[in-house]
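2 protein chains.
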Amino acid sequence: MAEEKDKWTRQSENRRALETRILRSAEIVFSEKGYSGSSMESIAVTANISKQNLIYYFPNKELLYKRVLKEMLDIWIEKLSFLESQGETPEDVIRSYVSEKIKLSRLYPNGSKVFAHEIISGAPLLKEYLISDLKPQFDRDVKLVKSWIKKGLIDPIDPEHLFFTIWAATQTYADFSVQMEILLGKKSLGERDFERAEKAVTEFVVRALGAKKNN
Amino acid sequence: MAEEKDKWTRQSENRRALETRILRSAEIVFSEKGYSGSSMESIAVTANISKQNLIYYFPNKELLYKRVLKEMLDIWIEKLSFLESQGETPEDVIRSYVSEKIKLSRLYPNGSKVFAHEIISGAPLLKEYLISDLKPQFDRDVKLVKSWIKKGLIDPIDPEHLFFTIWAATQTYADFSVQMEILLGKKSLGERDFERAEKAVTEFVVRALGAKKNN
DNA sequence: AAATATATTTACCAAATGGTAAAACTAAGA
DNA sequence: TCTTAGTTTTACCATTTGGTAAATATATTT
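Protein sequence lines, in the order shown, are assigned to chains A and B.
Quick note: the working numbering has the first sequence finishing at residue 438, numbered continuously throughout.
Quick note: the working numbering has the second sequence finishing at residue 438, numbered continuously throughout.
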């Protein structure tokens, strides 16, 4: 009985393994060429399978693309609620939020880039999601920042544009990493660079908000 | 004599006019689809000419793409030297720099997006430029900021990452405009939004640097 | 071991793509 | 007016593209 289950498991695990390998490969290709610029063939080559076999797992390109996007979005939704960020004081919340966002740029650079291509291209496949999922969260988070200001916990600041700046400043470590590598004279950004980045951006935001430092 | 010149001028002016119309169209298409995702056909359609006629003016896609990129870069180089920014105090320099950069996001959103696609894709055609042109300027500007810190004109801050943050926070108003439109509940970003953006980002940076306000 | 479900390869294909070659048309100068 | 230079259109074409259909191979279950 256990043996049977193992055999069944073996096959379905192979399947899952191959599926994720395909998704990782698709992420790489889409991050380099965007949706329309990526071919099923090149994704297949990256995953080391034939195009037809790829199509067996993901019967068309749009579906595959959506899966890649959705994976990234799920991660972001899970990790990036401003309200649920660890910390009691505004400064704690902000530090944890920025830290988390930069961590995601480091851990999922390809997914981030796919997302960036999509938004820059006008978000044809993401508009609905932005409206239905991101906007409510955004409105809530803006409200929270406004309440902080009202309570005098932070200096008055434009809350909407605060978020735009935080997102941009953190996202850029995934999207524009090539530019940074060149300007910093490095072959690739390492952990140390991301630590420096996190510290710099966090300090930046905390100072701009006039939140009191506690170290 | 004047008449002859005029006639000659008329034709060459038509040519110039059509060339710029093509470049504007190419900018739009490239900004939506990136390099590999854009077709000569769709650029031609956008410019209201035939594909063959487009090829008469720009004999191949890469050449056209490079022209679009170069145009944007020339504008940036011309307008974005930190050292040459108007103003005597660090605060003045920063205000003028941020203001100028956001103005470019407003005036050239498509060129900005083409540039963004290119960098995100690994900057295959831009690496050389970044090394030869941008890096020297970057190094100079970083030096200047360091000297400000040494003189106690601004609070100590990570100079390299300061620039990354400023660039990201300003560039985002071109690249991610769709996301902002949705989150702000607007059909498109208007002059008022860019004024708010400029003010927010400027205040943000100035506060973070601890430069004294003078208004 | 036979039957069945799953996975992979082979053989195609219509549409789109970047581009060539040359014909036809238009404007300019002698 | 005739010639020439500049522009646009027409006719192609090899390659790449996303995808279908079916044959083949490999596991899994009975």
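C-beta atoms are modelled at their ideal positions from N, C-alpha and C, and glycine is treated no differently.
### Task
Assign B/E311 to one of two classes, buried (16 or more other C-beta atoms within 10 Å of its C-beta) or exposed (fewer than that).
exposed
### Task
Over the uninterrupted alpha helix (DSSP H) stretch that includes B/Y279, give me the two end residues.
274 to 280
### Query
Using the C-alpha atoms, what's the distance from B/E255 back to B/M263?
14 Å
### Query
Along chain B, in chain order, which residues have C-beta atoms closer than 9 Å to that of A/G433?
R430
### Query
Within 8 Å (strictly less), CB to CB, does B/Y258 reach chain A?
yes
### Task
Please specify which runs of the beta strand (DSSP E), each continuous and at least 3 residues long, are wholly inside the segment 305 to 386 of chain A, giving them in chain order.
none
### Query
Hey, how far is the Cα of A/E421 from the Cα of A/L330?
14 Å
### Message
Only counting the same chain, and skipping five residues up and downstream in sequence, which positions put a Cβ closer than 7 Å to that of A/M403?
### Response
L412
### Message
Cutting at 6 Å between CB atoms, please list the residues of its own chain near B/M295, excluding the five before and the five after it.
### Response
G334, F338
### Query
So what does DSSP say about A/G260, is it helix, strand or coil?
helix
### Message
List, in chain order, every chain B residue whose beta-carbon is nearer than 8 Å to that of A/D415.
### Response
Going by the sequence as given, residue 415 of chain A is Arg instead of Asp. Result: empty, since nearest Cβ-Cβ is about 12 Å, beyond 8 Å.
### Query
For B/I245, which residues from the same chain have a beta carbon less than 8 Å from its beta carbon, with the 5 sequence-adjacent residues on both sides left out?
I266, A270, I272, L277, Y280, F281, L287
### Message
Short of 7 Å in beta carbon distance, which residues of its chain neighbour A/K336, apart from the five on each side in sequence? Order them along the chain.
### Response
S254, A397, D398
### Query
Could you give the distance in angstroms between the alpha-carbon of B/E414 and the alpha-carbon of B/K326?
10 Å
#### Entry: Proximal chain B residues relative to A/T395, where beta-carbon distance stays under 9 Å
F387, T388, W390, A391, A392, Q394, T395
### Task
May I ask you to report which of helix, strand or coil DSSP gives A/I298?
helix
### Query
Is the Cβ of A/L376 closer than 8 Å to any Cβ of chain B?
no
### C-beta neighbour in chain A for B/I300, strict 8 Å
no
### Message
Using C-beta distances below 7 Å, list every residue in its chain close to B/E250, excluding the 5 sequence neighbours before and after it, in chain order.
### Response
V291, N333, G334, V337
### Task
Can you tell me which of the three DSSP states B/F427 falls into?
helix
### Query
Quick one, are the C-beta atoms of A/R238 and B/G433 less than 8 Å apart?
no
#### Entry: Same chain, Cβ closer than 6 Å to A/E323, neighbours up to 5 away in sequence not counted
K302
### Query
Is there a Cβ from chain A that is less than 8 Å from the Cβ of B/G334?
no
### Message
Can you pull the chain A neighbours of B/M295, defined as C-beta to C-beta under 9 Å?
### Response
None at all; the shortest Cβ gap to chain A is about 14 Å.
### Message
Assuming contact is defined by CB atoms lying nearer than 8 Å, are A/T388 and B/A392 in contact in what I supplied?
### Response
yes
### Task
For B/L306, collect the residues of the same chain with a Cβ closer than 7 Å to its Cβ; drop the 5 residues on either side in sequence, then sort them by chain order.
R363, D364, L367
### Message
For A/Q309 and B/K374, I'd like the C-alpha separation in whole angstroms.
### Response
37 Å
### Task
Under 6 Å Cβ to Cβ from A/P382, same chain only, skipping five residues before and after it: list those, please.
V365, V368, K369
### Message
Quick check: B/P313 and B/I377, are their CB atoms within less than 8 Å of each other?
### Response
yes
### Task
Could you pull out every residue in the same chain whose Cβ sits closer than 7 Å to the Cβ of A/K410, ignoring the five residues on either side in sequence?
E404
### Task
Whole angstroms is fine: what's the gap from B/F417's alpha carbon to B/L407's?
13 Å
### Query
Are the C-beta of B/L277 and some C-beta of chain A separated by less than 8 Å?
no
### Query
What is the residue span of the alpha helix (DSSP H) that B/S411 lies within?
Per DSSP, B/S411 belongs to no alpha helix (DSSP H) and is neither H nor E.
### Message
Tell me the DSSP secondary structure of B/N237 in three-state form.
### Response
helix
### Query
So, does the CB of B/A270 fall closer than 8 Å to a CB anywhere in chain A?
no
### Task
May I have the straight-line CA-CA distance separating A/I300 from A/A346, to the nearest angstrom?
17 Å
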